[in-house]
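Since the structure comes first, as structure tokens, the remarks are kept for the end.
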Amino acid sequence: MRASFLPFLLPVTLLIACPSVPGTDADGGTQSDAGTSGDGGTWPDGGLEPPPASCEAPALVDVSTPATVVGDGTAASCTAAALQAAATRGGVIVFNCGEFPVTITVSSPITFTKAAVLDGGGRITLSGGGTSRILLLDSAYDVTGPLLVVQRLTFRDGRSAGGGEDTAVGGGAIYRDGGSLKVIGCTFVGNRAPSPGQDIAGGAIYGFGGGETVIVGSTFIDNAASNGGAVGSLNGGLTLINSTFTGNAATGYGGNPGNGGCGGAIYMDGAGEVTTLCGVRMTGNEAGAIGGGFFRVSNHDNGTFTMDRTTVDANRVTATDSGNAGGMYLQGLTLRMTNSTVSRNKAFYNGGLWLHTSDVQLTNVTVAGNTAFGSNGGGLWLSNLRGGTLLNCTIANNRSTARDQIAGAIFGGGLTLQNTLIAGNTAMWVPGCNETHAGQGNLEWPGGAECTAAPLVADPLLGGLGHHGGDTETLVPGATSPARGLGTGCPSTDQRGQPRAERCTAGAVELP
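This note's numbering puts the first residue of the sequence shown at 10, with every later residue one more than the last.
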């Protein structure tokens, strides 16, 4: 879908991605592997470690009374043809393939047209063999049914074919054409969709129109597509819970309009849809143009975006002379972000969060260690906001590293900052903010280029970014920090879920 966005200083068509070297950042540094434990590690038997369960999530569907059992107890009986016959009938489908794990390789997509539950019991891998998409939910663009549930399966080496602007070639493992999809406890590895292409998306999963794509307790590793290296969604809702995205890539270039490269892990386009993230980890993903971790545009400024207990860490945009939003690009939204960390992401323009034409509320959020290596806005880039607040946030150690650049912390205006801690951000000129925001109860360090009119200028004695309780990494002020007791009108808990005092500590972490 041709989106109208990015009305800023550079034309989108200049966002040209250059080839990247695995493990190397576009500014010559090395890609951090911080935050990858628990999202791509292995159990002793070689299986992928499941993501942590931070948030309440839908349970597995009961499959105790299946409509169809694929297989008669032997591996040889579990064929693609038997699976397609079961898919045609619909209903609850399980497998009986013998004692050991089994891989079923398909030469054409297994197609569902009826409501179904497909349960692999943690023992079945479905493979496209590097030549075929694996599953197709074939409904209609404006129809929310049927519902396909896939659970306890591994999807590997799916590949969809085609190019240009045909959205139907997205989804290397699963393509949802209308209808609704729920994925529970699955793993997606090495799936591919074509590149380049403006709205081709979803190396693993692409949801087009219809209802919603819901992903729970699942892991995505080394998937790639023009946009949304792991997951793409166009004009449909998207919910992600307790899921991990590592090492996925949006391999297009030029942006949107353009030839893609948006959303290293996840791409979502379309007006008026709801996006929900809780307990999600996006680490070490990359994009050729915009949004190293996540890209979301609502064309008519009427989308809703909620994010809680989520980590966006060490993602990057690979273009060395353009490209923006190393962590997340978010546009046209009513945006509510809580108890989350955006850290160590990199791009030419803006390292961490790019927020455009949105109503923004960030509470107990840490934005730390992000780098804009070619321009402004190491931490946040604000563009044409409809209003918003940073409440008890920590903006620290972000950098704009290029010569003559500004705003290591926040580039742009339009926010109210309350009880927020801004420290250790750097740029050649104007290390903090290039505009003065409204607000009170804030602490900034060092002085000069303050982000608000009258902050307390003092060293907060911040420690390093790390696991200090809760679901996400944080920075904890020292015991004698002047941030203690500085804030009023505080949330009831801090980013870690610890209770706050009435006169609370400025920043995302409350001192005891």
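Every residue gets a Cβ at the ideal spot worked out from N, C-alpha and C, and that includes glycine.
Predicted model, so just to flag it, every value in this text is computed and none were measured.
If you draw a straight line from the C-alpha of residue i to the C-alpha of residue j, how long is it?
{"i": "LYS355", "j": "GLY301", "result": "8 Å"}
{"i": "ASN232", "j": "GLY383", "result": "28 Å"}
{"i": "ILE386", "j": "ARG168", "result": "A small correction: the amino acid at residue 386 is Gly; Ile does not occupy that position in the sequence shown. Near 37 Å, if we compare the C-alpha coordinates of ARG168 and GLY386."}
{"i": "LEU190", "j": "ILE143", "result": "14 Å"}
{"i": "ASP278", "j": "LEU135", "result": "28 Å"}
{"i": "HIS476", "j": "VAL439", "result": "30 Å"}
{"i": "GLY417", "j": "THR435", "result": "5 Å"}
{"i": "GLU174", "j": "LEU145", "result": "19 Å"}
{"i": "PHE121", "j": "GLY99", "result": "7 Å"}
{"i": "VAL326", "j": "ARG493", "result": "37 Å"}
{"i": "PRO521", "j": "PRO491", "result": "13 Å"}
{"i": "LEU243", "j": "VAL289", "result": "20 Å"}
{"i": "ASP468", "j": "CYS460", "result": "15 Å"}
{"i": "GLY448", "j": "LEU424", "result": "8 Å"}
{"i": "ASP503", "j": "ALA239", "result": "31 Å"}
{"i": "GLY218", "j": "ASP208", "result": "13 Å"}
{"i": "GLY172", "j": "GLY472", "result": "48 Å"}
{"i": "ALA90", "j": "THR153", "result": "27 Å"}
{"i": "ILE224", "j": "GLY245", "result": "13 Å"}
{"i": "ASN265", "j": "SER307", "result": "13 Å"}
{"i": "THR260", "j": "ASN333", "result": "15 Å"}
{"i": "GLY131", "j": "GLY220", "result": "27 Å"}
{"i": "GLY273", "j": "HIS446", "result": "31 Å"}
Per DSSP, residue i forms a beta bridge with which residues?
{"i": "LYS355", "result": "ARG325 and THR380"}
{"i": "TYR262", "result": "ASN268"}
{"i": "GLU221", "result": "GLY246"}
{"i": "GLY130", "result": "Its beta-bridge partners do not exist; DSSP assigns none."}
{"i": "VAL198", "result": "ARG165 and ILE230"}
{"i": "SER136", "result": "THR114 and ARG165"}
{"i": "THR284", "result": "LEU247 and PHE314"}
{"i": "TYR338", "result": "PHE304 and TRP363"}
{"i": "ASP147", "result": "ASP186"}
{"i": "MET346", "result": "MET316 and LEU371"}
{"i": "LEU430", "result": "THR403 and LEU452"}
Run the CB neighbour count on residue i, radius 10 Å, all protein chains shown included, and call it buried at 16 or more, exposed below.
{"i": "THR284", "result": "buried"}
{"i": "THR292", "result": "buried"}
{"i": "PRO67", "result": "exposed"}
{"i": "ASP128", "result": "buried"}
{"i": "ASP54", "result": "Here the model assigns ASP54 a pLDDT of 34, short of 50, so the residue's position is not dependable, and the following value carries that caveat. Its Cβ having fewer than 16 others within 10 Å, ASP54 is exposed."}
{"i": "ILE309", "result": "Here residue 309 turns out to be His, not Ile, going by the sequence shown. Flag for HIS309 reads exposed."}
{"i": "PHE109", "result": "exposed"}
{"i": "GLU65", "result": "exposed"}
{"i": "ASP480", "result": "buried"}
{"i": "ASN311", "result": "exposed"}
{"i": "ARG412", "result": "exposed"}
{"i": "THR489", "result": "exposed"}
{"i": "PRO60", "result": "buried"}
{"i": "MET437", "result": "exposed"}
{"i": "ARG512", "result": "exposed"}
{"i": "PRO486", "result": "buried"}
{"i": "ALA202", "result": "buried"}
{"i": "PRO508", "result": "exposed"}
{"i": "GLY226", "result": "buried"}
I'd like the list of long-range same chain contacts for residue i, defined as Cβ closer than 6 Å, with 5 residues on each side in sequence excluded.
{"i": "THR375", "result": "THR350, THR403, THR483 and ALA517"}
{"i": "TYR338", "result": "ILE299, GLY300, PHE304 and TRP363"}
{"i": "LEU156", "result": "ALA124 and SER189"}
{"i": "ARG408", "result": "THR380, GLY387, GLY417 and THR435"}
{"i": "ILE119", "result": "LEU92, GLN93, ALA96 and LEU144"}
{"i": "GLY433", "result": "ALA405 and ASN406"}
{"i": "ALA210", "result": "GLY179, ALA234, ASN236, GLY237, GLY241 and TYR276"}
{"i": "GLY139", "result": "ASP166 and ARG168"}
{"i": "TYR150", "result": "GLY187 and GLY218"}
{"i": "ARG345", "result": "THR315 and GLN370"}
{"i": "GLU444", "result": "GLY422"}
{"i": "LEU470", "result": "PRO486, GLY487 and SER490"}
{"i": "THR253", "result": "ASP48, PRO60, THR228 and ARG290"}
Please report the Cβ distance between residue i and residue j, rounded to the nearest whole angstrom; I am assuming they are in contact, meaning their Cβ atoms lie under 8 Å.
{"i": "LEU342", "j": "PHE303", "result": "Incorrect: roughly 12 Å between the Cβ atoms, too far for contact."}
{"i": "ALA182", "j": "PHE197", "result": "6 Å"}
{"i": "VAL79", "j": "ALA62", "result": "The Cβ separation is near 29 Å, so there is no contact."}
{"i": "ALA258", "j": "ASN294", "result": "7 Å"}
{"i": "VAL126", "j": "VAL192", "result": "VAL126 to VAL192, Cβ: 12 Å. No contact."}
{"i": "PRO75", "j": "VAL111", "result": "With a Cβ gap of about 17 Å, PRO75 and VAL111 do not count as contacting."}
{"i": "GLY397", "j": "VAL369", "result": "3 Å"}
{"i": "GLY378", "j": "GLN427", "result": "Not a contact, Cβ separation roughly 23 Å."}
Only counting the same chain, and skipping five residues up and downstream in sequence, which positions put a Cβ closer than 7 Å to that of residue i?
{"i": "PRO464", "result": "ASN451, LEU452 and GLU453"}
{"i": "THR372", "result": "THR347, LEU400, ASN401 and PRO500"}
{"i": "ARG318", "result": "SER63, CYS64, CYS287, GLY288, ASN348, SER349, ASP480 and THR481"}
{"i": "GLY506", "result": "GLY479"}
Below 8 Å CB to CB, which residues in the same chain sit around residue i once its five sequence neighbours on both sides are set aside?
{"i": "GLY441", "result": "ALA416, GLY417, ALA418, ILE419, ILE431, ASN434, GLU453, GLY457, ALA458, GLU459 and CYS460"}
{"i": "GLY82", "result": "ASN105, CYS106 and GLY107"}
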